[in-house]
Every structure is written in C-alpha cells, then in structure tokens.
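> Residue numbers for the sequence shown, in our numbering: -7 to 143.
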Amino acid sequence: MLRAVDTPIKREVLKEVTLEWKTADEIEKKFGPEGREATIFFEKMKLVETRWLSTNGNYPEKSYHTYYSSFSINAQWPVYEISDVLAAAMMPEEEYAELEAKILEQVGTTGKFSGDVAETLGLSSTMLKSLVRRSVKMDYRGHKIEPIKED
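1. Can you tell which of Val77, Thr15, Asp(-2) has the C-alpha that lies nearest to the C-alpha of Gln68?
2. Run through the DSSP bridge pairs and tell me what Lys54 is partnered with.
3. Quick check on Lys141: does DSSP put it in helix, strand or coil?
4. Since Ala110 and Leu120 are thought to touch, with beta carbons under 8 Å apart, how far apart are those beta carbons, to the nearest angstrom?
5. Could you check if Val40 is buried or exposed, using at least 16 other CB atoms within 10 Å of its CB as the buried criterion?
6. Cα separation between Leu115 and Glu73?
7. Thinking C-beta only, is Ile19 closer than 7 Å to Val128?
8. Please report how far the alpha carbon of Lys21 lies from the alpha carbon of Lys14, in whole angstroms.
9. With distance defined between alpha-carbon atoms, name the residue in Glu138, Val9, Met83, Ile65 nearest to Lys54.
10. Which residues share a DSSP beta bridge with Thr15?
11. Quick one: does Asp108 have its CB under 7 Å from some CB of chain B?
12. Can you give the beta carbon distance from Lys144 to Ala30, rounded, assuming they're within the 8 Å contact cut?
13. By DSSP's criteria, Thr108 is part of a beta bridge. Which residues make up the other side?
14. Report the rounded CA-to-CA distance for Glu87 versus Glu26, giving the unit in angstroms.
Structure, rendered in structure tokens:
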C-alpha cells in the first residue's frame, strides 16, 4: 500500500480509477508514461480489476477500476520480516533502481528461481520478494521471478 501512493502521479491515478473505469491510454494521456506504469503496478498488486472496453468503435482496450473503496488493515508480522518489507518500500529510488537492475540481470528474459537470485545477491527471501513486488518490470510466477510482458 505504501508504494501505491508514494508519488503524486500514483495517488492521482489511484483516485481516477476509484471513481470510474479508465483505459491505460486515457491515463497515459492525462498523466504521462508514469501514469501507465502506475496501472501496471496496481494490477500487479491486485489493487485494480481489469476489463476490456470498446472505445469509439476501435479495438477493445484494457480498462482499470479499483477493487476496493476502502481498506481495513490489521496486521501482525515478525520484526525481522516487517523490517525487510518496510526497508524495500521506503528505499530511495536510486538505491532501489540499482538493486532492481541486479535482479533483472539475474532473471534475464526467461526468469529464474527466486532462491537462486536471493542467494546470488545475498538477500533474504523477504527482502527479495518485497523488491520484486515494488517493480513494474518483474513479478513472481510461483517460485520463479519473471520479467513482466505487457498485454
């Protein structure tokens, strides 16, 4: 949730898709490429649902709307795990970009078992999972990390 509202663009896109269904093109037109990336991130984090919407007689376009209109959070985690999650969520963008590049280099174009990536980079599995969740370039498929391919 912290990453979903960490920039003004993400906050505004989240507000837009809470009010009504919006296509990625509409969002990109209003908010630029960062707006489109926000929709990819929201979809990956399961904050939005998608459906195909016909616009102006053209081919159907993927559109987005939030699943939820409110959140209730009551969580309990061991300190050693939550510290990795919060560290990854609040990490400065420059530091994160370096780690993301290293992970993507390990993953390649076909993906790689997450345990191997964590071991190679010297990261805990919780830290690796948190870093991958933050990215709009890769995601988990089972125990494997794979690059995201846009529809």
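By construction, the Cβ of each residue, glycine as well, lies at the ideal position given by its N, Cα and C atoms. Please read all numbers here as calculations on a predicted model, not as lab measurements.
In short, the structure shows the following:
1. In terms of CA proximity to Gln68, Val77 leads the group Val77, Thr15, Asp(-2).
2. Looking at the DSSP output, Lys54 bridges to Trp44.
3. Lys141: coil per DSSP, three-state reduction.
4. Taking C-beta atoms under 8 Å as the contact rule, Ala110 and Leu120 qualify, at a distance of about 5 Å.
5. Buried, since its Cβ has 16 or more Cβ neighbours within 10 Å.
6. Looking at the two C-alpha atoms, the distance is approximately 12 Å.
7. No. Outside cutoff.
8. In a straight line, the C-alpha of Lys21 is about 11 Å away from that of Lys14.
9. Residue Val9 is the option with its Cα nearest to Lys54.
10. BP columns for Thr15 point to Ser55.
11. The chain inventory of the structure shown lacks chain B, comprising one protein chain alone.
12. For the chain, the structure presents residues -7 to 143; residue 144 sits outside this window and is missing.
13. For the sequence presented, residue 108 should be read as Asp rather than Thr. DSSP lists no beta-bridge partner residue for Asp108.
14. If you take the alpha carbons of Glu87 and Glu26, they lie about 19 Å apart.
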